[in-house]
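In what follows, a structure is listed as structure tokens, so that the remarks can point back to it.
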Amino acid sequence: MNFSLDEDHLALKQSAAAFLDKEIALEPLLKPGASVAHANYRSHWEKVVAMGWTGIAVPESYGGLGLSCVDVAMVLGEMGRTLAPSPFLGNLIGTWALLRLGTEEQKQRILPAVAAGTARLALAVGDAAGDVADHSRELSAERSAQEFLLKGARAFAIDAVGADWLIVDAHNAETGRRGFFLVDTKSDGLAVDVMNWRDLTRQVCDVRLNGCVGEETAPFTPADWAWVRDRILFALAAECAAGTQQILSMTAEYAKERVAFGKSIGSYQAIKHSLADMLGQAECANVAVLYAAWALSEEAPQASLAAAMAKAFAADAYVDCTHRSIQIFGAIGFTWEMKNHLYLKRAHANAELFGNSRAHRSRAIDLAQQAAA
Amino acid sequence: MDFRLPAENDPRRAAVRNWLSQHPKPSGRQLAEAGYTVPHWPKPWGMAAEPELQFIIDEEMGRAGVMPPNPINPVAINNCAQTLLTHGTDAQRERFLMPALACEEIWCMLFSEPAGGSDLAALRTTAKRDGENYVVKGQKIWTSLAHKAHIGVLIARTDTAAPKHAGLSAFLIDMKSPGVTVRPIVDLSGHENEYNEVFLDDVRVPADRLLGKEGEGWRIATSQLQTERVALSKPGAIWGAGPSARDLVNGLAASGHLSDPVVRDEAAKIFIEGELLRLLAYRALSDRMNAKPSGPEGAIRKMLAAPHGQHIVEMAKKVQGPRGMIAGEQPFPSQVGSGRGSYSDWDYAFWFSPAVTLGVGTQEILKNIVAERMLGLPRENDPTAKLPWIEINRAKST
Numbered sequence: 114m115n116f117s118l119d120e121d122h123l124a125l126k127q128s129a130a131a132f133l134d135k136e137i138a139l140e141p142l143l144k145p146g147a148s149v150a151h152a153n154y155r156s157h158w159e160k161v162v163a164m165g166w167t168g169i170a171v172p173e174s175y176g177g178l179g180l181s182c183v184d185v186a187m188v189l190g191e192m193g194r195t196l197a198p199s200p201f202l203g204n205l206i207g208t209w210a211l212l213r214l215g216t217e218e219q220k221q222r223i224l225p226a227v228a229a230g231t232a233r234l235a236l237a238v239g240d241a242a243g244d245v246a247d248h249s250r251e252l253s254a255e256r257s258a259q260e261f262l263l264k265g266a267r268a269f270a271i272d273a274v275g276a277d278w279l280i281v282d283a284h285n286a287e288t289g290r291r292g293f294f295l296v297d298t299k300s301d302g303l304a305v306d307v308m309n310w311r312d313l314t315r316q317v318c319d320v321r322l323n324g325c326v327g328e329e330t331a332p333f334t335p336a337d338w339a340w341v342r343d344r345i346l347f348a349l350a351a352e353c354a355a356g357t358q359q360i361l362s363m364t365a366e367y368a369k370e371r372v373a374f375g376k377s378i379g380s381y382q383a384i385k386h387s388l389a390d391m392l393g394q395a396e397c398a399n400v401a402v403l404y405a406a407w408a409l410s411e412e413a414p415q416a417s418l419a420a421a422m423a424k425a426f427a428a429d430a431y432v433d434c435t436h437r438s439i440q441i442f443g444a445i446g447f448t449w450e451m452k453n454h455l456y457l458k459r460a461h462a463n464a465e466l467f468g469n470s471r472a473h474r475s476r477a478i479d480l481a482q483q484a485a486a
Numbered sequence: 443m444d445f446r447l448p449a450e451n452d453p454r455r456a457a458v459r460n461w462l463s464q465h466p467k468p469s470g471r472q473l474a475e476a477g478y479t480v481p482h483w484p485k486p487w488g489m490a491a492e493p494e495l496q497f498i499i500d501e502e503m504g505r506a507g508v509m510p511p512n513p514i515n516p517v518a519i520n521n522c523a524q525t526l527l528t529h530g531t532d533a534q535r536e537r538f539l540m541p542a543l544a545c546e547e548i549w550c551m552l553f554s555e556p557a558g559g560s561d562l563a564a565l566r567t568t569a570k571r572d573g574e575n576y577v578v579k580g581q582k583i584w585t586s587l588a589h590k591a592h593i594g595v596l597i598a599r600t601d602t603a604a605p606k607h608a609g610l611s612a613f614l615i616d617m618k619s620p621g622v623t624v625r626p627i628v629d630l631s632g633h634e635n636e637y638n639e640v641f642l643d644d645v646r647v648p649a650d651r652l653l654g655k656e657g658e659g660w661r662i663a664t665s666q667l668q669t670e671r672v673a674l675s676k677p678g679a680i681w682g683a684g685p686s687a688r689d690l691v692n693g694l695a696a697s698g699h700l701s702d703p704v705v706r707d708e709a710a711k712i713f714i715e716g717e718l719l720r721l722l723a724y725r726a727l728s729d730r731m732n733a734k735p736s737g738p739e740g741a742i743r744k745m746l747a748a749p750h751g752q753h754i755v756e757m758a759k760k761v762q763g764p765r766g767m768i769a770g771e772q773p774f775p776s777q778v779g780s781g782r783g784s785y786s787d788w789d790y791a792f793w794f795s796p797a798v799t800l801g802v803g804t805q806e807i808l809k810n811i812v813a814e815r816m817l818g819l820p821r822e823n824d825p826t827a828k829l830p831w832i833e834i835n836r837a838k839s840t
């Protein structure tokens, strides 16, 4: 047993941190009306590609780095800590989906390009309410000769805009069951629009498919979807845990500098105790994410439970700590010109995407009871 | 990174299992002489065990149904006796350690006073040198086990002219000495003797019972609070000695309460909290194994674990409705829980729970420590820290 990070992990985290600290400037987003386009979105992505991070979860046999979820947590954590505006997460989620759900031919065709950064993936599985379970019939797939024609819509697709390939789930009219389909975004009948999404650092999209062609993916079981879903939960949790740590650091620094009644506000217990509570949450969120990362890397039996716990805990911690941060900064923290709201919005967005904390807690109870039985 | 716990076929388990099969009901002395009472101590008291072996020993003892000696003599084994290794004399180690580890002499900690709880260094009990003795005068309070104890670890003021932290010294006193009076405090759970008052009226303590040197009392007292063995205890009520969050979920499942969505969500929060606290404890263990500084986990864990224990028993009490107000009534159809003795009693654990955010540092003091030491926030200014102690009291009385 060794619950501590290895030297390799720490080195990866440090190099990611050094790169992103130099690279990411959120200031352009602190003007009303700004979007990711103003925050070096394109040039930053080119550098991410040059770092090889697009291949982080692509196995070496498909030209990627084939790193584990623990390694992914190092990079993703730094992306989350800096709120790096980039399609890194959407591409990563799409990579996991194709890796587990795609046919061998599809993987060989697409994953090397993803690793090289010449193609980008995204996953679109949410219905209009954001539900990602398989009972949605808002998108249907009907067979037409060798292909399927997709009709309907998907929403809340992270980084779908600008992606080269989408993986969507649809109600397969032929089988009467859920199916996954690969869609070339150059196809006719596809429209992808960025939603008016509160989290300014990320592009979350509506996808409309009007008879657009889809390629069927490989036959799958519920366990295959669970494999993808657990990684998505872990990824969102990793961003949350690192963001919590970051907002805590920013707020603690502010509390040391800001003076009221002749003393720094951090010397008052009302502030001190709130920050101590935040640190407790940050530590728990961090260990929850690392445990999930390890369990997923090992394909351990408790991986689903670990991912559910990490998402539920880290998202709630992030929401609570970003709220506290604004209270401690005081009224200035409520303005658009401060970064606090960027973190607050990322926290709320991550908390709601792919199932809220209450849903994952309920699942965690079931999973724990099953494991104990 | 590897979250796997030591495997079932780990060769280090064999020796432990073998010993336990030869000693199915070991006495305190047998455990102490084998080194199992304090495996992390150096020989001859312990076995210089690395943390993973400590983990294995705890686990194997638990499986064999052997109660660890720590709860019988916690002050000695968990906190105070270890300081004799660094601060004690050979004669003190010879006289005190084995009887303490064998649980033949119970220890208590004479630290807190009516006028010095959170501000421990302000304590007023004095020890004046008189020939070959010190004469101790004062009063202690919140002393666990004082009614059973043979030995008291006393912090008293030997220099009233020095600043408050500098004038303190540590002693090992005989609790049967003339002048020592123990009076039980009936706490709100109705239990007597969980805590006591101890009156010290001109108690004569031989000078060779001084631990370390005069003036080292504060350093010894604070180091005693940090020598705790790598905490392997499960997170749970009563500082981990009572029911755990896993017990709670099992009880709620058995009693059908988990189908109530509100109960289910609250229980899940507590369950996840418990699992994460367990992981934090394991990580602290790993950090020790990797010889890394133990980091902020210790203080943070204490800060999180005490309220966590309260959440467990509050939830269990809440589902009982008015029946929970009947003394001794248990929340679940069958007794669930891995607590030991009276600590497995859910009703007692609930009524005891206000104490866990007071004892061993109040929650407020712990949060100050976490914020100041881990986040670097400015320390609370103590206007009395540099004054000669005697002047603090003069200032107060005028």
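Heads up: the protein sequence lines correspond to chains A and B, in order.
One rule links them: number in my numbering = place in the first sequence (from 1) + 113.
One rule links them: number in my numbering = place in the second sequence (from 1) + 442.
Ideal Cβ placement from N, Cα and C applies to all residues, glycine included.
Next on the checklist: Using only the alpha-carbon positions, how far apart do B:Ala769 and B:Phe794 sit?
Outcome noted: 13 angstroms
Item to check | For A:Leu388 and B:Ala813, believed in contact at Cβ under 8 angstroms, the rounded distance | outcome: 5 angstroms
Next on the checklist: Can you tell me which residues form a DSSP beta bridge with A:Phe293?
Outcome noted: A:Asp282
Checklist entry - Among B:His633, B:Val578, B:Leu596, B:Pro486, which one has its Cα closest to the Cα of B:Arg646? => result B:Val578
Item to check | For A:Phe261, the residue or residues it bridges with in DSSP | outcome: A:Arg256, A:Gly327
Checklist entry - Under a CB-based cut-off of 8 angstroms, is A:Gly375 close to chain E? => result No chain E is present in this structure, whose protein chains are A and B.
Next on the checklist: Beta carbons nearer than 7 angstroms to chain B: which residues of the stretch 147-181 of chain A have them?
Outcome noted: none
Item to check | Residue range of the alpha helix (DSSP H) that includes B:Asn823 | outcome: Neither: B:Asn823 is in no alpha helix (DSSP H) and is coded neither H nor E.
Next on the checklist: If I measure Cβ to Cβ from B:Ile807 and keep anything under 8 angstroms in the same chain, skipping five residues before and after, which residues do I get?
Outcome noted: Ser560
Next on the checklist: For a test of the three-state rule: what should DSSP assign to B:Asp452, helix, strand or coil?
Outcome noted: coil
Checklist entry - Which chain A residues are close to B:Asp729, counting only those with a beta carbon under 9 angstroms from its beta carbon? => result Phe116, Ser117
Item to check | Cut-off 6 angstroms between Cβ atoms - residues of its own chain near B:Leu495, not counting five sequence neighbours on either side | outcome: Arg454
Item to check | Whole-angstrom distance between B:Glu555 and B:Arg625, CA atom to CA atom | outcome: 14 angstroms
Checklist entry - Does the distance from the CB of B:Gln534 to the CB of B:Leu526 come in under 8 angstroms? => result yes
Next on the checklist: Let me confirm a value: A:Gly375 is counted as buried when at least 16 other C-beta atoms fall within 10 Å, else exposed. Which label applies?
Outcome noted: exposed
Item to check | C-alpha distance - A:Gln440 paired with A:Met187, whole-angstrom precision | outcome: 29 angstroms
Next on the checklist: Residues in the same chain with beta-carbon distance under 6 angstroms from A:Ser117, minus the five sequence neighbours each way, listed in chain order, please.
Outcome noted: none
Checklist entry - Going by other Cβ atoms of all chains shown within 10 Å of its Cβ, with 16 needed for buried, is B:Met509 buried or exposed? => result exposed
Checklist entry - What separation, rounded to the nearest whole angstrom, lies between the Cα atoms of A:Tyr456 and A:Asp312? => result 8 angstroms
Item to check | Burial state of B:Ala485 (16 or more Cβ within 10 Å) | outcome: According to the sequence displayed, residue 485 of chain B carries Lys and not Ala. Per the 10 Å Cβ criterion, exposed.
Next on the checklist: Report the CB separation of B:Gly659 from B:Leu614 in whole angstroms; it is logged as a contact under 8 angstroms.
Outcome noted: 12 angstroms between Cβ atoms; not a contact.
Item to check | As assigned by DSSP and simplified to three states, the class of B:Trp831 | outcome: helix
Checklist entry - Who are the near neighbours of B:Asn635 in its chain, counting only those whose CB is closer than 6 angstroms to its CB and skipping five residues on each side? => result His589, Pro626
Next on the checklist: Tell me which residue opens and which closes the beta strand (DSSP E) that B:Asn575 is part of.
Outcome noted: 575-583
Item to check | Alpha-carbon to alpha-carbon, A:Glu251 and A:Pro225 | outcome: 32 angstroms
Checklist entry - So is A:Glu191 buried or exposed if we call it buried at 16+ other beta carbons inside 10 Å? => result buried
Next on the checklist: Using a Cβ distance threshold of 8 angstroms, determine whether the stretch 397-411 of chain A contacts the stretch 420-429 of chain A, with at least three qualifying pairs required.
Outcome noted: yes
Checklist entry - Using a beta-carbon distance below 8 angstroms, is B:Val672 in contact with chain A? => result Low confidence applies to B:Val672: its pLDDT is 48, below 50, so where it sits in the model is not reliable, and the reading given next is rough at best. Taking Cβ atoms only, chain A never reaches closer than 8 angstroms to B:Val672, which makes this a no.
Next on the checklist: Let's see if you can read the secondary structure: which residues bound the alpha helix (DSSP H) around A:Gly349?
Outcome noted: According to the sequence as given, residue 349 of chain A is Leu; it is not Gly. Element bounds for A:Leu349: 335-370.
Item to check | Three-state class that DSSP yields for B:Arg537 in the structure shown | outcome: helix
Checklist entry - Roughly how many angstroms lie between the CA atoms of A:Ala354 and A:Ala395, to the nearest whole one? => result 6 angstroms
Item to check | Contact set between A:Gly379 and chain B, taken where Cβ atoms lie within less than 7 angstroms | outcome: Leu819, Pro820
Checklist entry - Under a three-way DSSP split, which group does A:Lys452 fall into? => result coil
Next on the checklist: Rounding to the nearest angstrom, what Cα-Cα distance links B:Glu435 and B:Val798 in this structure?
Outcome noted: Outside the displayed span of chain B (443 to 840) sits residue 435 of chain B, for which this structure offers no information.
Checklist entry - What in chain B is Cβ-close to A:His122, meaning under 8 angstroms? => result Met443
Checklist entry - Taking the C-alpha atoms as reference points, what is the distance between A:Leu214 and A:Phe333? => result 7 angstroms
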